[in-house]
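*Asks:*
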Amino acid sequence: MSALLATCLYWLFCGAPLTAVFLWCLKDIPFPSNWAIVVKYPLNGLLMAAFVLPLSGSGWFRRWLGLPPNDDSKRSLQRLLFRRFGIISVLPLVLLILIMGRTFDRTLQANAETALEEDARDVAGRIDAYLFEHRRDLVTVSEQLQVDLSRTRDFGARLNILLRQNPGFLTLVIADEKGEIVASAPTLNDRGEPLALRGLNVADRDYFREAVRTRRPFVSGIFRGRGFGNDLIVAISAPLFDGGGRLRYVVEGSLNLKTLIETLKANERVNRRNLVVADRPENVLLTEGELRLPPLPDFRSHEIYPALKRTDHVQPFDLKGRDRARPVRHLAISTYTAINGWHVVLLEPLWQTQRRVALFYSLVGAWSAVAVSLALLVARGTASEITRPLQQLVRKTRALVRRETEPAGPALAYPSIELTEISRDLENTAHTLSSSNARLSAAISERDQSHTQLRQLLLHLDERVRDRTLQLDEARLVAESANRAKSEFLASMSHELRTPLNVILGMSEVLREQTLGPLSAVQLTGVRSVEESGRHLLSLINDILDLSKIEAGMLQLDVQEISVRDTCESSLRFVRASAQHKRITLEFSCRQPTSHIHADARRLKQILVNLLANAVKFTPEGGRIVLEIDETPDGKFIAFSVRDNGIGIAAEHLPKLFKSFQQIDSALNRKYAGTGLGLALVKRMTEMHGGRVDIVSAPGAGACFTVSLPLNGTTITAAAHVGAASRIPFPPQVISGSPLILIAEDHPTNRLLLKRHLTHRGYRLIFAEDGQQAIDRAIGEQPALILMDVQMPILDGLEATRRLRANPATAAIPIITLTAL
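Under the numbering used here, the first residue of the sequence shown is numbered 61, with each subsequent residue one higher.
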């Protein structure tokens with residue numbers, strides 16, 4: 061409490077005065093923000109002291125910081141309760157005042173901003189209404205005159221009627237298409253001369269030119285009248301057309317703005333505010349308040365214009381008055397009239413709202429001080445009433461301790477039931493204290509012995525855990541290294557095997573097509589056998605590579621919107637020849653209402669072909685295979701089901717189906733052949749799509765494999781690449797003669813294979829053995845097409861392609877990649 065008192069004295073005599081002097085020297089801080097800061101800093105300091113000082117004086121906090129105990133920790137309970145009750149009553153009250161004040165402040169400011177927006181819209185509406193009403197009357201007269209333009213002698217009478225009905229107009233004139241005045245109201249000017257007979261021409265006036273140019277009514281900017289007084293006026297003009305649509309006359313009225321200015325000044329909503337009204341060219345019509353701008357200057361040259369040019373909503377603005385060094389904070393809004401685009405700026409001093417908040421804090425603070433004083437008095441009395449019987453209990457407890465377990469005489473009378481029961485229980489406790497101490501000593505001795513044994517057991521267990529953890533880490537590293545080596549080996553071997561297989565398949569195709577010369581029937585049969593075996597081997601290598609990519613997390617899906625029926629029919633075409641060879645009936649049933657889904661078309665086709673090929677393999681001759689498509693009952697998945705009436709699968713063999721390099725029976729492996737990779741790839745690729753694979757089968761009853769994929773495509777794993785592959789459009793090329801093809805290939809056998817294929821078909825060929833040679837020959841020869849290998853010495857095919865694309869001379873040449881990757 062002494063520290064809190066010292067804090068109060070500091071802010072009263074030192075902190076607050078220093079803050080006030082400091083802020084007085086800073087002239088840039090606007091009013092009333094400077095006074096708010098003077099009040100805010102002392103209050104913040106006192107609140108922090110009220111929270112921190114009791115915390116820093118508590119025993120547990122000082123022990124946590126390693127500080128010596130505070131002497132106040134031995135103060136009396138009565139004093140402690142009094143202080144705690146005081147803090148409990150003061151702090152919530154202060155917080156409540158702050159919260160209520162903050163809410164009140166925000167509410168008042170929101171109301172002030174809303175009122176300012178409404179008043180700005182009201183001023184803009186009054187201006188629009190005034191100008192619109194007179195423009196409407198002028199347009200009405202022009203429409204009446206347009207009925208019979210030949211009666212020009214009636215023009216003056218019509219203008220006089222309009223002038224009597226709308227005294228806001230100073231003058232009304234009608235000029236012909238050349239700008240000569242043919243009628244006016246009044247007839248004479250302020251010098252008694254007739255306006256229509258003096259040969260006056262208004263063709264150079266803005267209101268005449270704009271009405272002729274736009275063929276629409278026009279409202280000019282603000283200017284001072286030259287013939288009738290010195291008031292601010294605007295010119296309103298409207299064109300007159302004959303029956304053929306040709307402009308014949310222009311009606312113009314000089315509208316006096318004095319009535320509008322007096323109406324805006326008399327508006328109670330702008331009496332306590334700063335108001336600026338400017339026309340569309342930003343010429344000032346009216347200023348009210350501290351700005352005091354003269355009429356007709358360009359508002360854009362004023363210092364406040366850049367900040368208030370566009371403020372569609374209320375914002376704070378610091379306005380510096382002429383006779384005041386310190387700026388005053390205002391709430392400002394800038395808006396434009398809806399019809400004529402006049403600029404309206406309205407500013408209200410923030411103090412008009414803040415003084416109500418200050419009055420709120422003053423009243424609430426005074427009443428709060430009275431309430432806190434009463435609360436402290438009640439706290440002192442309550443603390444005294446609680447601690448008096450406790451002091452009696454302390455004295456009796458000391459007597460019991462001196463007499464140990466002997467009775468302490470009759471129980472004392474206490475003002476509360478709780479204290480009486482505590483006294484009685486204390487006496488009973490004293491009798492059992494000695495026996496409890498003996499049992500406690502024995503229990504402590506036994507506990508110490510148990511703790512010693514447990515500590516030894518924990519030390520031994522800790523050593524075993526560390527040894528086991530080291531063994532598991534070593535095993536994990538070995539397993540990860542082996543798995544990584546396996547994936548790298550499979551990828552490398554797949555690439556090395558594909559290169560010679562490409563030559564085998566290509567040369568087989570060349571021989572089968574008899575490009576190199578005619579073959580006998582026996583030779584053609586042998587060539588077809590070589591080609592069929594090579595394609596089977598290539599399919600196995602593809603499965604091994606796909607599986608190794610999946611296990612290494614390198615396989616990505618190219619997810620696009622695909623046609624369900626087209627994908628299924630394409631998959632059926634892959635197995636139709638082998639099914640016809642075994643006289644197996646293929647059926648296709650599509651009950652799926654959704655014609656398109658999001659999936660990787662190539663991988664989905666691979667899934668279906670694997671399932672269909674398995675069905676053909678294990679279905680006897682004359683059997684039946686059905687591919688069905690339907691939605692799941694919950695409507696979230698599309699199900700692809702492949703059903704056959706083949707040999708079926710026993711229940712005990714089902715767990716082995718989707719494991720890599722495994723078949724359910726060695727006898728079946730010898731009979732049907734295979735690696736056991738097909739269904740493993742089906743399961744992995746289906747899971748990458750966010751789907752699942754189910755199987756229903758029994759021995760001799762066939763099998764049904766069902767692949768369920770999500771309809772919306774949102775559950776596809778992060779490894780999927782969603783979107784169509786980018787394609788570079790090439791301009792169409794006109795190729796005459798024998799097309800020239802550049803082949804970039806470092807493998808001599810592959811070059812020979814491509815040469816056999818392409819020269820037989822009439823193409824001219826040039827070769828490059830690395831990427832740099834490919835770039836040089838492409839620039840020099842300008843081939844019609846480039847066949848690019850990826851892995852080449854000196855410069856690989858990918859970098860060579862990038863450089864060719866970057867060169868304008870070769871950017872349009874089509875490039876096709878041929879690679880074993």
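Each residue gets a CB set at the ideal place from its N, CA and C atoms; glycine is no exception.
Treat the numbers as computed from the prediction; the structure is a model and nothing was measured.
(1) Is it buried or exposed, His194, if we count other Cβ atoms within 10 angstroms and call 16 or more buried?
(2) Would you say Pro770 and Phe700 are within 8 angstroms of each other, going by their C-beta atoms?
(3) What three-state label does DSSP hand Ser210 in the structure shown?
(4) Tell me the start and end of each unbroken beta strand (DSSP E) in the segment 403-432 that is at least 3 residues and wholly inside, in chain order.
(5) To the nearest angstrom, how far is it from the Cα of Thr775 to the Cα of Lys716?
(6) Within a Cβ cutoff of 8 angstroms, which residues of the same chain sit near Gln451, ignoring the five residues on either side of it in sequence?
(7) Would you list, in sequence order, the uninterrupted beta strand (DSSP E) runs of no fewer than 3 residues that lie entirely inside the segment 281-338?
(8) Are at least three pairs of beta-carbons, each pair with one atom in the segment 795-810 and one in the segment 820-836, less than 8 angstroms apart?
(9) Output the distance between the C-alpha atoms of Ala235 and Asp264, rounded to the nearest integer angstrom.
(10) Just checking, does the segment 806-816 make contact with the segment 566-581 on the three C-beta pairs under 8 angstroms criterion?
(11) May I ask you to report which of helix, strand or coil DSSP gives His749?
(12) Just to confirm my understanding: we take Arg862, look at its own chain, exclude 5 residues before and 5 after, and list those with CB closer than 6 angstroms. What are they?
(13) Kindly indicate the opening and closing residues of the beta strand (DSSP E) around Ser768.
(14) Which same chain residues, not among the five before or five after Leu317, have their C-beta less than 8 angstroms away from its C-beta?
(15) Could I get the ranges of all uninterrupted alpha helix (DSSP H) runs contained in the segment 795-878, with 4 residues as the minimum, in chain order?
(16) Does the segment 163-181 come close enough to the segment 197-214 to have 3 or more Cβ pairs within less than 8 angstroms?
(17) Below 8 angstroms on the Cβ atoms is my guess for Phe634 versus Val669; work out the distance and round it to an integer in Å.
(18) Classify Gln772 as buried or exposed, calling it buried when 16 or more other Cβ atoms lie within 10 Å of its own Cβ.
(19) First and last residue of the beta strand (DSSP E) that includes Glu270?
(20) Identify whether Pro376 lies in helix, strand or coil by the three-state DSSP scheme.
(21) Output the distance between the C-alpha atoms of His882 and Tyr365, rounded to the nearest integer angstrom.
(22) Counting pairs of Cβ atoms below 8 angstroms between the segment 687-695 and the segment 644-655, do you hit three or more?
(23) With DSSP collapsed to three states, give me the class of Phe229.
(24) Please go through the same chain and pick out, in chain order, the residues whose beta-carbon is closer than 6 angstroms to the beta-carbon of Phe278, but skip the five residues on each side of it.
(25) Going by DSSP, what residue range makes up the alpha helix (DSSP H) through Ile667?
(26) Can you give, in chain order, each stretch of the alpha helix (DSSP H) that sits fully within the segment 594-647 and has at least 4 residues?
(27) Can you give me the Cβ contacts of Gln513 inside the same chain, cut-off strictly under 8 angstroms, excluding the 5 residues immediately before and after it?
(28) On the CB-based measure, 16 or more other CB atoms within 10 Å of its CB, does Met160 come out buried or exposed?
(29) Does the separation of the CB atoms of Thr323 and Arg416 fall below 8 angstroms?
(30) Hey, quick one: how far does the alpha helix (DSSP H) through Leu351 stretch, first residue to last?
(31) Quick check on the burial criterion: 16 or more other C-beta atoms within 10 angstroms. Buried or exposed for Pro354?
(32) Let me know the secondary structure DSSP gives Asp527 once reduced to three states.
(33) What is the rounded straight-line gap between the Cα of Val432 and the Cα of Ala426?
(34) Taking all protein chains shown into account, do 16 or more other C-beta atoms lie within 10 angstroms of the C-beta of Arg524, making it buried, or fewer, making it exposed?
(35) What residue range is occupied by the uninterrupted alpha helix (DSSP H) comprising Ala66?
(36) Tell me the residue span of the beta strand (DSSP E) that contains Leu687.
*Replies:* Result, derived from the coordinates:
(1) His194 is classed as buried because its beta carbon has at least 16 other beta carbons within 10 Å across all chains shown.
(2) Taking the C-beta atoms as reference points, Phe700 is found no nearer than 8 angstroms to Pro770.
(3) In this structure, Ser210 counts as coil in the three-state DSSP scheme.
(4) Here the runs fully enclosed are 403-409.
(5) With a pLDDT of 47 at Thr775, under the threshold of 50, the modelled position of this residue cannot be trusted; read the value that follows with caution. If I take the Cα positions, the gap works out to 27 angstroms.
(6) There are no such residues.
(7) Segments of the beta strand (DSSP E) lying fully in the segment 281-338: 292-301, 307-316, 334-338.
(8) Contact holds: three or more Cβ-Cβ distances are below 8 angstroms.
(9) Asp264 has its alpha-carbon roughly 12 angstroms from the corresponding atom of Ala235.
(10) Because the criterion of three Cβ pairs below 8 angstroms is met, the segment 806-816 and the segment 566-581 touch.
(11) Coil.
(12) Around Arg862: no qualifying Cβ.
(13) Where Ser768 is concerned, the enclosing beta strand (DSSP E) stretches over 763-770.
(14) Here the set comprises Ile282, Asp291, Leu292, Ile293, Val294, Leu345.
(15) 808-820, 831-841, 857-866, all fully within the segment 795-878.
(16) Here the segment 163-181 does not lie against the segment 197-214, with fewer than 3 beta-carbon pairs under 8 angstroms apart.
(17) About 5 angstroms; that satisfies the 8 angstroms criterion.
(18) Per the sequence presented here, residue 772 reads as Asn, with Gln not at that position. Around the beta carbon of Asn772, fewer than 16 other beta carbons lie within 10 angstroms, which makes this residue exposed.
(19) Note, Glu270: premise wrong, no beta strand (DSSP E); alpha helix (DSSP H) at 266-274.
(20) Residue state, collapsed to three classes: strand.
(21) Limits of the chain in this structure are 61 at one end and 881 at the other, which puts residue 882 out of reach.
(22) Taking a cut-off of 8 angstroms for Cβ pairs, the segment 687-695 and the segment 644-655 touch, as three or more such pairs fall below it.
(23) In this structure, Phe229 counts as strand in the three-state DSSP scheme.
(24) The residues are Tyr267, Glu270, Ala271, Ser297.
(25) Note, Ile667: alpha helix (DSSP H), 661-678.
(26) Secondary structure in the segment 594-647: the alpha helix (DSSP H) runs of 4 residues or longer, each lying completely within the stretch, are 624-641 in chain order.
(27) Excluding sequence neighbours, Gln513 sits near nothing in its chain.
(28) Of the residues assessed, Met160 falls on the exposed side of the cut-off, its CB having fewer than 16 other CB atoms within 10 angstroms.
(29) No, the Cβ-Cβ distance between Thr323 and Arg416 is not below 8 angstroms.
(30) Run containing Leu351: none; DSSP gives neither H nor E here.
(31) So Pro354 ends up on the exposed side.
(32) Asp527: helix per DSSP, three-state reduction.
(33) Distance between the alpha carbons of Val432 and Ala426: 10 angstroms.
(34) Within 10 angstroms of the beta-carbon of Arg524 lie fewer than 16 other beta-carbons, which makes it exposed.
(35) For Ala66, the uninterrupted alpha helix (DSSP H) run begins and ends at 62-70, by DSSP.
(36) Under the DSSP assignment, Leu687 falls in the beta strand (DSSP E) whose first and last residues are 684-691.
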